[in-house]
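The sequence shown begins at 1 in the UniProt record's numbering and counts up one residue at a time.
Built from N, CA and C at the ideal position, the CB exists for glycine as well.
Nothing here was measured: the structure is a model prediction, and the numbers come from that model.
Read through the structure below, which is laid out as structure tokens, and then see the notes.
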Amino acid sequence: MSGNRKLNGTVIVTYRCNARCSMCNRYKAPSKPEEELSIETIKKLPPMYFTNITGGEPFIRTDLPDIVRELYKKSDRIVISTNGFFTDRIIALAKEFPKIGIRISIEGLEKTNNEIRGLENGFQRGYRTLLKLKKMGLEDIGFGMTVQDRNAPDLVPLYNISDKLGMEFATASLHNSFYFVESRNIIHDRPMVAANFEKLINRLLKSKSPKKWFRAYFNHGLINYIYGQPRLLPCDMSFDTFFIDPYGNVMPCNGTKDREIMGNLNEQSWKELWNSPQAEIVRKKVRHCDRQCWMIGSVSPAMHKYIWKPAWWVFTHKLRSFFTDKPYSMYENPICRKLRDGKVTKAELDACSTCDMNADACNGLGRAAGKPATGKLRGRRKKAVVSGYVGKKITGIGRNLINLLNNADSGMEYIVYTNEDMTEDMQFTNPNVTVKTYPVSKNSSMGNLLWNTFVFPLVVKKERADIALIPNFTLLLFKAAPTAIIMHDLIEFNIPEKFSKLRMFYRTKIADPITARRADSVITVSQNSKNDIIKFLGIGADKISVIFNGADRERFRRMDACCAREILTARGLPTEFILYTGTVDHPGKNSMTLIKAFESLKRSGRYDGSLIIAGMPGSGYETVKDYADRSPFAADICFAGFVTDEELVALYSLCSAFVLVSLYEGFGIPPLEAISCGARVVVSNTSSLPEVVGELGLTVPPTDTEAVADAIYECTQHSADEEYLRAVDAHMKKFDWKDLSRQLETQLFRTMRKKGKRNG
């Protein structure tokens, strides 16, 4: 493949950004100035018809004029995407390069834009910048809008503003990719969003501008895309088009979930990179990509290359516009009619949509992407049979299952088989969930193992299930339907000293490896657990999806301090304290290090309160209790045992700091609950805990007593002020049970589609 012919390129000059967009976490993973593309690397780029300069926020780079100057030696046309905040720099650049294009990202009218973009006065700053550019006589200027549920009603009003000003109006649909460091960009109300696109398309078709008529076709493709359907035109990314990131990595596009790198321009010449074996591997993957993206970067070249298809669409619809005020209807798309008429469900559409709801379930250009995730959607109601054995009592695994199914809204029927003596605990409020029992006590580990291994597949077959879901550890030898399993953690592989040799052999050599390989889909609760499954069990990344555990914000909400003190005083507990909740064991939960850190704080005079350890005894409890009893501060160490839900919320709300420095956690629900109640938290810097707490928690090496003590002390110096509580609200959106349940159902539908109804 020639390395010298003209291409279309996108140059991401920086990952630094001054905005805090709700659909993008790139600002949390910025590039460093010294790492970013140099002028020497820019000089290596090939000749281009068109170059888009983007970020991050490109105008953060003070050497942007030098970059543009160099790119104009190679590119016929350049357009910069910006949030418009750096007005003076934009104006100065436009004066030097009067033919340059500027697209300012405005996500709706003023209130909506500022909420989505996270920039105070962002709308006014961007709008005023556009007006100044227009006054200067710059011609290639306009708005850019990423359409989602929150701003879809602003779509036509914003277009009207651009039309009145004689400016361009570019649109995109909310989507996910590695580029955004975000996998929860979801359009929930497809018909509403599509209806607003329909209004825009009709406005464009009624105009006198041929360019706008073809823009109407592009927006028609966006409706098709948000309904999860195959692209209207082929994708030639990596053949005619490329992206280069701030680190010099050249990729086919920014729509993939994971980065697919063709080479690095810092280290290679363009010809060497573009014609390399690695580039050919990526192109082969692109040919089988199942993402169905519809973004201007890939569609614009395709519309030129395959002009006859959009041209015919434009001709027929423009002709209609002479005879009707509404030449276009969203219901021209068969899938829109099917959803309207109830022939497909929302969850079935979610299962088709690879750039939308499925970002966590789909690996984009992964090994499973050999065929598009499309096919005939059947209208029959789907049925899932669920193994409801969750242990001897309801713990995190059981609560996780109950919350996921209670929030399921696809209309799929769930039949949960559980123990006869477990029905009082397995309470479901969703009318689509039915509980059936089997005659084995919850206390019989061997009985439950045998029933789930040998009888459960027969039940799945008898129920004529479309899919089986196994949310707890079991041995999967036989399958009567496509089967999804939830593996919460691989603790036996990480802390072998905690378990007996028999359990270690069974779990590490038999149950976990066989079950993971036999399952059609593996769901886990953190990226760390996914990495463990890949590392220890040899399962491919494309078979594993991550769906976080959630937290009930109605239940775990900050309690008034006076009320919390009354509850704890009535229980005989102190009201100034550091808190741990969970099983009290050794060495797994690392309770000894917590006590030693508490002792360090007391000796140094940095803390006067108590330490409350709330939770039931586990293995090694006696070791922990004996050490605490012999501590010089034993009088200030309180083992609270079991606490009620009300007491737990009071503890979270009133604690000086919540601490969980366990050696390993598959997820770690207690710190998430504590954060939900406004607590400051300290957690280990290992396993999944950094994922759970994000930027709101302090992370420390779990065996470094002084580091733990210092972090606790830092927490005690900061109260839960309004800024922190706002950050809590934002953080907890990632753990909303509604969203998590939708992700689960999406994965179940995808598993059904991939495997059909073949027996294992």
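(message) Between 261, 307 and 169, which has its C-alpha nearest residue 106's C-alpha?
(response) 169
(message) Which residues does DSSP list as the beta-bridge partners of residue 53?
(response) 11 and 80
(message) Along the chain, where does the alpha helix (DSSP H) containing residue 113 start, and where does it finish?
(response) 110–117
(message) For residue 347 and residue 629, what's the separation of their Cα atoms in angstroms?
(response) 55 Å
(request) With a cut-off of 8 Å on the beta carbons, I'd call residue 177 and residue 255 a contact; round off their distance for me. (result) 5 Å
(request) Have a look at residue 664 and residue 649 and give me their C-alpha separation to the nearest angstrom. (result) 24 Å
(message) Using 8 Å for Cβ pairs, my map puts residue 580 next to residue 613. What's the rounded Cβ distance?
(response) 5 Å
(request) Note the first and the last residue of the continuous beta strand (DSSP E) segment covering residue 436. (result) 433–438
(request) Would you kindly check if the distance between the Cβ of residue 87 and the Cβ of residue 41 is under 8 Å? (result) no
(message) My assumption, with CB atoms under 8 Å, is that residue 457 sits in contact with residue 479. Please give the rounded CB distance.
(response) 6 Å
(request) From the DSSP output, in three-state form, read off residue 197 for me. (result) helix
(message) How far does the beta strand (DSSP E) with residue 483 in it extend, from its first residue to its last?
(response) 483–486
(message) In the DSSP assignment, the alpha helix (DSSP H) including residue 591 goes from what residue to what residue?
(response) 591–604
(message) On the criterion of 16 or more Cβ atoms from any shown chain inside 10 Å, does residue 245 qualify as buried, or is it exposed?
(response) buried
(request) Could you tell me if residue 745 is buried or exposed, where buried requires 16 or more neighbouring beta carbons within 10 angstroms of its beta carbon? (result) buried
(message) For residue 443, which residues in the same chain have their Cβ closer than 7 Å to its Cβ, ignoring the five residues on either side in sequence?
(response) 392
(message) Just to confirm my understanding: we take residue 100, look at its own chain, exclude 5 residues before and 5 after, and list those with CB closer than 8 Å. What are they?
(response) 68, 78, 79, 80, 93, 94, 138 and 140
(request) Give the C-beta separation of residue 574 and residue 610 to the nearest angstrom, bearing in mind that I take them to be a contact with Cβ-Cβ under 8 Å. (result) 4 Å
(message) Within 10 Å of its beta-carbon, does residue 192 have 16 or more other beta-carbons around it, so buried, or fewer, so exposed?
(response) exposed
(request) Look up residue 185 in the DSSP assignment and say whether it is helix, strand or coil. (result) coil
(message) I need the DSSP call for residue 753, collapsed to helix, strand or coil.
(response) helix
(request) Report the three-state DSSP secondary structure of residue 383 (helix, strand or coil). (result) strand
(message) On the criterion of 16 or more Cβ atoms from any shown chain inside 10 Å, does residue 260 qualify as buried, or is it exposed?
(response) buried
(request) Could you check how far apart the C-beta atoms of residue 571 and residue 647 are, in whole angstroms? I think they sit under 8 Å. (result) 6 Å
(request) Find out if the Cβ-Cβ distance for the pair residue 693, residue 700 is shorter than 8 Å. (result) no
(request) Classify residue 381 as buried or exposed, calling it buried when 16 or more other Cβ atoms lie within 10 Å of its own Cβ. (result) exposed
(request) Please classify residue 582: does DSSP put it in a helix, a strand, or coil? (result) coil
(request) Leaving out five residues on either side along the sequence, give the residues of the same chain with a beta carbon under 7 Å from the beta carbon of residue 459. (result) 385 and 417
(request) Leaving out five residues on either side along the sequence, give the residues of the same chain with a beta carbon under 6 Å from the beta carbon of residue 89. (result) 59
(message) At the level of alpha carbons, what is the spacing between residue 328 and residue 302?
(response) 22 Å
(message) Taking the alpha carbon of residue 762 as the reference point, which residue from 709, 695 and 712 has its own alpha carbon closest?
(response) The chain is shown only over 1 to 760; residue 762 falls outside these bounds and no answer can be derived.
(message) Helix, strand or coil, according to DSSP, for residue 377 in the structure here?
(response) Since pLDDT at residue 377 reaches only 36, below the 50 mark, its modelled position is unreliable, and no value is offered.
(message) Taking the alpha-carbon of residue 164 as reference, which of 203, 189, 172 and 198 has the nearest alpha-carbon?
(response) 203
(message) Less than 8 Å between the C-beta atoms of residue 279 and residue 251, yes or no?
(response) no
(request) Could you give the DSSP three-state label for residue 419: helix, strand or coil? (result) strand
(message) Let's see if you can read the secondary structure: which residues bound the beta strand (DSSP E) around residue 638?
(response) 637–641
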